[in-house]
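So the structure is just underneath, and the comments pick up after that.
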Amino acid sequence: MKQKKKNKSVAYRGGPRSAKPVKRVKERTPMEPFTMFEKLLLVMFGISIFAAAASLFTELEVITYITIANYLILAVIILIRPVLILQILRKRTENFDKEYQKKELYLTMALRVVGVVFLGIAYLLLYNLGLVPNILPF
């Protein structure tokens, strides 16, 4: 005889044979305020959406310039202040300090490498548009 799987999200009043299921409601935790970097990402995302809508009616180059600006802004912020991203990691991970306290230097170095990569992507996009001279050896 096969047993049916019980739905754990439904509780029954008056025993298991009752006909009135009651759904359990999960408690919501209060939302924490956004960090400065998260706010910046939201603003950049909003500007990108607005630019995509604007590029439908005007020149298509608008979205290209907004993308390049986003890469430049992210690269500069990550290169100068990688601590902003570490703040987000601390906020989202409960035991971040306990697990990654010794590796924090390596994390900041890795974030700076990501910033250099973003800067390189922005440079290559600008080079393809012909806005910067070629400084690369190849």
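According to our numbering, the sequence shown is numbered sequentially starting from 39.
Don't be surprised by glycine CBs; every beta carbon is placed ideally from N, CA and C.
Keep in mind that this is a model prediction, so the values were computed, not measured.
Go ahead and pull the three-state DSSP assignment for residue i.
{"i": "T96", "result": "coil"}
{"i": "Q139", "result": "coil"}
{"i": "V170", "result": "coil"}
{"i": "R119", "result": "coil"}
{"i": "E76", "result": "helix"}
{"i": "T146", "result": "helix"}
{"i": "N133", "result": "coil"}
{"i": "M69", "result": "coil"}
Can you give the Cα-Cα distance for residue i and residue j, rounded to whole angstroms?
{"i": "E137", "j": "L127", "result": "12 Å"}
{"i": "R130", "j": "L145", "result": "16 Å"}
{"i": "E21", "j": "N166", "result": "Because the chain spans 39 through 176 in this model, residue 21 falls outside it and cannot be assessed."}
{"i": "M69", "j": "E132", "result": "15 Å"}
For residue i versus residue j, is the C-beta spacing smaller than 8 Å?
{"i": "R150", "j": "I116", "result": "yes"}
{"i": "M74", "j": "L124", "result": "no"}
{"i": "V155", "j": "L164", "result": "no"}
{"i": "I104", "j": "A89", "result": "yes"}
Are the stretch 72-86 and the stretch 95-115 touching by the rule of at least three beta carbon pairs closer than 8 Å? Contact between the stretch 72-86 and the stretch 95-115 is established, with three or more Cβ pairs separated by less than 8 Å.
Check whether the stretch 101-109 and the stretch 152-170 are in contact - that is, three or more C-beta pairs closer than 8 Å. yes
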